[in-house]
Every structure is written in C-alpha cells, then in structure tokens.
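Protein chains in written order, with this note's numbering: chain A, 1 to 384; chain B, 385 to 768. Below: the structure, in structure tokens.
2 protein chains.
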Amino acid sequence: MDVFPFPIARIGIIGGGQLGRMLTKAAKRLGCTCVVLDPTPGSPAGQIAGHQIVGHYHDPAKLRELAASCDIVTFDIEDIDTETLIQLEHEGFRIHPSPRILAVIQDKLMQKETLAAAGIPTAPFIPMPEPSPDAFATFGYPLVQKVRRGGYDGRGVAVLQTPDDYHRHLPAPSLVERFVPAVKELAVVVARGQNGDCRCYPLVEMVFRAGENVLDHLLAPARIAPQTAQAAMDLAVRTVEMLGGVGIFGIELFLTETGELLVNEIAPRTHNSGHHTIEANVTDQFEQHLRAILGFPLGSTDQLSPAAMINLLGAPDHRGRPVIRGLKEALAIPGVCVHLYGKAVTAPHRKMGHVTVLDPDIATAERKALRVRELIEISGEDHP
Amino acid sequence: MDVFPFPIARIGIIGGGQLGRMLTKAAKRLGCTCVVLDPTPGSPAGQIAGHQIVGHYHDPAKLRELAASCDIVTFDIEDIDTETLIQLEHEGFRIHPSPRILAVIQDKLMQKETLAAAGIPTAPFIPMPEPSPDAFATFGYPLVQKVRRGGYDGRGVAVLQTPDDYHRHLPAPSLVERFVPAVKELAVVVARGQNGDCRCYPLVEMVFRAGENVLDHLLAPARIAPQTAQAAMDLAVRTVEMLGGVGIFGIELFLTETGELLVNEIAPRTHNSGHHTIEANVTDQFEQHLRAILGFPLGSTDQLSPAAMINLLGAPDHRGRPVIRGLKEALAIPGVCVHLYGKAVTAPHRKMGHVTVLDPDIATAERKALRVRELIEISGEDHP
C-alpha cells in the first residue's frame, strides 16, 4: 500500500503561463503544492500556486533555487536553459520530461533529424544554416522555413510559395522543408507514464485560418476515418516512445492529400490542443501530466462529449489592462465554458483565455465556437 | 454589448473551506479575483485565492473589511453573523444569497415554519424550546430532534426511536419532527439567477450508512422514476422561488414509503451533493453559483456521465498532519477523480477531500466508489 504525507509532492513549474495555471489547479486537487518560476510577478500560474520565484528560465541560479525547493520539476514552456537543467538532473533532481528530450526538441533541426533517424515520417528537409536565395532555389519551392530556435505559435516559421517570396524569409539558422499540402492538420495528446504505459486522447483536428499560419479553432474528436485516427495515434505513440519521455506530449501531424501521415512538430508539455479535455474528458491533460510525472497510474482518456475550442486572443493594436466585451452574451450559449488566464495586460494576439464548447453534435459545437469568437473581444485600455 | 474590465469582479467569500476553494477556482477561470474570510490562515480557499482576511465569520469588523474590499460577497458556510450582513446589504453592499434568507435558514425552526407557511410539504414538527421527557412523549416517538442553531453534517440532530432513547437528546432549543421512514433521501441542486431563471441539476440520491446519520455516498442521477424526479425538481424550484434567493441552493428531500416528497433541509450555498458536477456536468455548481450572483446567464446543467461520489473523511482517533494511504491504487481505477482540499491537519471525520467516479453504468460507478473508500485512508501523524 502506498503512503504519502501531505502534500503528496511539491511540484516546481518552469513557466507561469496558462498551461502552468491549469497544471497548478490540477496539482492542488491531487494534494500537491506548487512553486512557479516566471519573470513576471503575479503570473497566471503564480496567482493560483501562491508561491512564485520571480526569475528567468535562462537564469541558472533561479532554476537551481526552484529545483531545490521542490520534489519534482516540470515546465510549461520550451525556451529554457537546458544546460542547467541537464546538470540538475545529473545531480539527482527529478525533472520530467527529461531536459535531454527538451534540448532535442528546442532545436527544430535536431528534432527533425531525430525523427528521421528513427524512421518516423516527416516532410523532407535540409539544414539551412545560412539562408540564401540560391540555397532556397536549389531545395525548391514551395517550401517552409523554420528557424532552429525560439519559434512559437507560428512565429519563426515562413511559408514561401515561390522565389518571389524570398524577401519574407527569416535571417537565422534554420531548416527548410517541403511544403506539404495538408488535407487536415491533426494533433494527438499522448501521456507516457514512468512505467512506459502510453495513452492517447482522441484525435484533435486543428483548423487554421486560410493563408495564415495561425490556429483558428480545434475540434475533438477529429472528423476523419477511424483507421486514419488509429494510424495517427500509433504514430504519435511511436514518436513519444522513441523520445522515451515521461509526461504529456503534443504531437502535431499533417494528413496529406495522398493519405499519408507526417509528424510536423512535437511539444514536450501539455498542449493547446488538449484544453478541451478539462471539460470533455474523464481525466484532463493536466492531471494526466501530473499522474505521469508522479509515477501514478494514468487516467482514462475517454471523451464524454464532442468539443470545439477557440483561443481568446488579444485584439490587434491593443495593449494594457484588458477590457472584455461580449462575455455575458457568449455565456448565454449552452455548452460554452470560458477560461480567462488572469493576465494583467493584453497585447496583440496574446493568448488571454480560451473557450471550450461542448455539444452532442460536433458541427453545432463548431458553429457555437465560431459565434463565441465573434462575440468575445479582448481589447486594452492603451490603444491608438 | 456588455463590457467588463479585468478582473470581471472581485468576489468576497465568507468561509475558506472546500466549497470556497472550488468556488475560487471557478471564479478565477471566469476572470474574477477572490478574497476569502476565514479564521484559519492558509485555508483551503485562501491557498487558491492568494488573498485571505484572517478573521471570524462573527466578527463585524472583518465582515465589513471583506465587503469593502470586494464587488460582491457570497459564503460557503451558514454560521455567519447575519445581523452584520443584513446591515451591510442595507448599506448597499451586494451580498448573494441575501443574508435575510441565510438568517431564516440558520434557525432550523424558522426554516421549517417558513416552508410550512408556504405550503411546502415537510415532516410534521413542533417547536421544542426546552426539551423534556414529557414534551417528547406528548409529541410521540419515533422522532427527530434538531437543534435550532449550529448543526452541520449530522451534528445537532438526534434520531430517537423510543422513550428509552431520551438520554441521547440534545439539551438545546430545538424542534422535534416526525421520524419519516424514507425510501430514499434525495438532493436537488438548484440555481436561481438574478432574473428569476431557475435551473436544476439532475437529481442526486444520498445513500446514508445504516443506523447512522452520516452520508455514505451519492449517486447522480438518482435511481428513481422520471416522474418522481420531475416532481422533486418542481418542489425544489418552488422552495427556492419561495425564498427568492440568488445563487446555488441545495434542497434535501425525503421520498417516503407512500411516495410522498418532503423537503428536509435547505442549504443556501453550493452543496456536497453537487461536487460531481465538476466532472460530470457541462457547467459545474461553482461556476453556476458565480454566473447567478454576477447576473450572468445560467449554464447548461446537462450531465455527461453517471457519477458516484464519496467524501474522504479523516480517520477516527487521528489528528495532525495528514498521511494518505491507497491513493495510487485508487487512481488505477478508470474514472476515478480525486479532490484533496489542502487541509494542513486532519481530525476524526473531517472532510479532507472527495472522489467522483465517472462510469457509463451507475452501478459500476457506485461499486468503484465503494472500492475507493476502502482503499483511501487519511490518518494523522498524531494518534494514540
């Protein structure tokens, strides 16, 4: 019989954003306490945790302070000083997923090379240490350029259809990959436990805005054939098993016009495409991540209702203290679940919250979500 | 179009227990901030709110301090100085549900008289200002004695089958009511909005331990005929409409051997019998309470999965820092959702957490919940 004191564990979370906030709620529910490391005082996660170390993810001393004050360390972001984390892990601090995996994923070129070496299908690519018109032309258009480090939420990625687009390239060490005309973009949230047990959540369909590399909304389960869904889940599990990590991983995939599945990107953390699991699934991705890193049995990933999800983004050209319009009207729609992240200031396209819509019919859920996106506007007190 | 600043509202919560804790989580999700009033520093709700006024519910100055620091005040307990709250409401502070309703409910005799005056069926009763063997005998056995003030969780209630049981009576101003042999005890969680809109959650069945006035587990939806469920919901709505309050109310009912429904007790707050709504229903009772008191539209009460719920109580004879056994084993059962309340010390029968079990089959959910109750033990470091 297992015996735990209270608290069950002290969890250190690097990054105090919305993912850390939702993780903190789940951690407290499971009888854990949390310490958050984030440079912004009163971060979204820090507000719930009640204990924040104000410091940067690249500050070795702060990372060490966090590790020393906790039983186990995890993260809600990827842009962390992995050298220090690897040293801390070497000294015996428990960090999940392993910073060695994070180091691979942080570098998009190394990530792709690791996938390719393991025989996991991805879009064809080459390293592009110094972008030049000739090198791009030799690889051939249309192509996607991805900077090796620091990209996030569509930043650090350029889709170039023809040589005329070259002026939009990113002047940084990169990789270029074949532009894949995808029928659908999919995401699989996978949990891997300390015993190697893997569980997938039902497949998620990511709908992007036409012509932009910005997520518009998510649908779960994805509207695809069951055998394609199963193949995607198998591929996601293979990817996570190849990495060998413990915790939640978000695996983004392309479904091509020829029916092929390609791994696009890996997130070694809880994922935007798993937010709906809070309301729609038996065990949500945040509790699942904690179960994994604590060495607990993984929970059921069964989905109780179809769901659609939209991010609530800060309005363009607006900054400062948030001003929220349309909240009451949105809440009048049955099945609407609003999550605001407690961010003290908005900025253009900043993730300020999200809305999950539950409905027995996925098409209705989608329609309601798009209506909510029209209704809710988050502007700021400072604007032109 | 509605326009809100961030935060949407500052919510003052009198009582920092588990109900306040779960309310605080919902409030932060909706973009509110919370201030908790509780005498114990680091109360369960205070840990999440990040802002607690340490003080007692009967301290007029502390109640005023809370009201003055918030936009709206609510409560997670009933034992509050209502005289001060009524004065504050009179001065224009927004308090929901109204302290006038709380004052009626605090006094179990006044509560019953109010129900009777409104023609709402309850067990026959008489006032019993000074308990005596003769007065009890004149009313007749079997009877239930309830002290007028301060009862909670089965305390302040004595079930006396015969005159030989008189020695177990409670020496306090009371009422006595007819002992009703109930086929089932039921609970309805009802929300009433500021516009008078009422919504019921599906009926909950409360299963008590044989021979004890202690709740064993809850099942939702209750295993009763649909027309009985509808009649119970109608009666619960009538009760809440009669009171005229805004927020969540828990209405406990008896279903008698003759098929009659009697209102047993009213709780003017979120209720133990609504905990499962966090996982099992589209909108949980805590968000629903906030929607009501904020003047927002009420959410869907649809239930996505049958659920069973057990409270995790502190082991008898144990006190001090909690020691938790069986957590991992319980989490291995599919559908088990554990909630620990973050209480720093346990005490005999203290509510330390609860477990909701989701399962498509309610009998399986019940069986799993009873198994979890066997598995999880919360003892304390100080014990004989």
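We treat Cβ as the ideally placed atom computed from N, Cα and C, and that holds for glycine.
Against P706(B), the close residues of chain A are F6, in the order they occur along the chain (beta-carbon pairs closer than 7 Å). For H723(B), the closest Cβ of chain A is nearer than 8 Å.
As for any alpha helix (DSSP H) of minimum length 4 sitting wholly inside the segment 600-669 of chain B, the runs are 610-627, 661-664, ordered along the chain.
At a cut-off of 8 Å between beta carbons, K568(B) makes no contact with chain A. In terms of Cβ geometry, I72(A) and Y57(A) do not form a close pair [threshold 8 Å]. Bounds of the alpha helix (DSSP H) holding V104(A) are 99-106.
Between the C-alpha atoms of I635(B) and A692(B) there is a straight-line separation of about 18 Å. Residue state for H289(A) is assigned as helix, using DSSP reduced to three classes. Taking C-beta atoms as the reference points, L688(B) and N656(B) fail to come closer than 8 Å. Going by DSSP, E750(B) is part of no beta strand (DSSP E) but of the alpha helix (DSSP H) stretching over 746-759. With a threshold of 8 Å between beta carbons, Q18(A) makes no contact with chain B. Buried is the label assigned to G719(B), since at least 16 other Cβ atoms lie within 10 Å of its Cβ. DSSP places E205(A) in the strand class (E or B) of the three-state scheme. Within the same chain, Cβ atoms closer than 6 Å to the Cβ of E265(A) are found at E252, the five residues on either side in sequence being excluded. Interface with chain B (8 Å Cβ-Cβ cutoff): Q288(A) is excluded. Contact between the segment 10-22 of chain A and the segment 34-51 of chain A is established, with three or more Cβ pairs separated by less than 8 Å. Counted as a single uninterrupted DSSP element, the alpha helix (DSSP H) harbouring K28(A) occupies residues 18-29.
Selection F563(B), R532(B), A556(B) evaluated against G524(B) yields F563(B) as nearest (Cα-Cα). Closest in alpha carbon position to L602(B), among R751(B), A500(B), P389(B), L450(B), is R751(B).
Here V214(A) is exposed, its C-beta having fewer than 16 other C-beta atoms within 10 Å. Residue pairing by DSSP places P706(B) opposite G764(B) in a beta bridge. DSSP links M512(B) through a beta bridge to S558(B). Under the Cβ distance rule, D382(A) does not count among the residues neighbouring chain B, no pair being separated by less than 8 Å.
When DSSP states are grouped into helix, strand and coil, D38(A) belongs to the strand group.
The C-alpha of P511(B) is placed about 19 Å away from the C-alpha of Q545(B). Counting along the chain, H90(A) sits inside the alpha helix (DSSP H) bounded by residues 82-90.
Selection H51(A), R155(A), F286(A), A229(A) evaluated against R192(A) yields F286(A) as nearest (Cα-Cα).
For A187(A), the enclosing beta strand (DSSP E) begins and ends at 182-192.
Considering only T239(A), R223(A), T114(A), the residue with the shortest C-alpha distance to L255(A) is R223(A). Within 9 Å of the CB of E329(A), the CB atoms of chain B belong to M385, D386, P681, in sequence order along the chain.
When DSSP states are grouped into helix, strand and coil, G299(A) belongs to the coil group. At a cut-off of 8 Å, the C-beta of G710(B) has a neighbouring C-beta in chain A.
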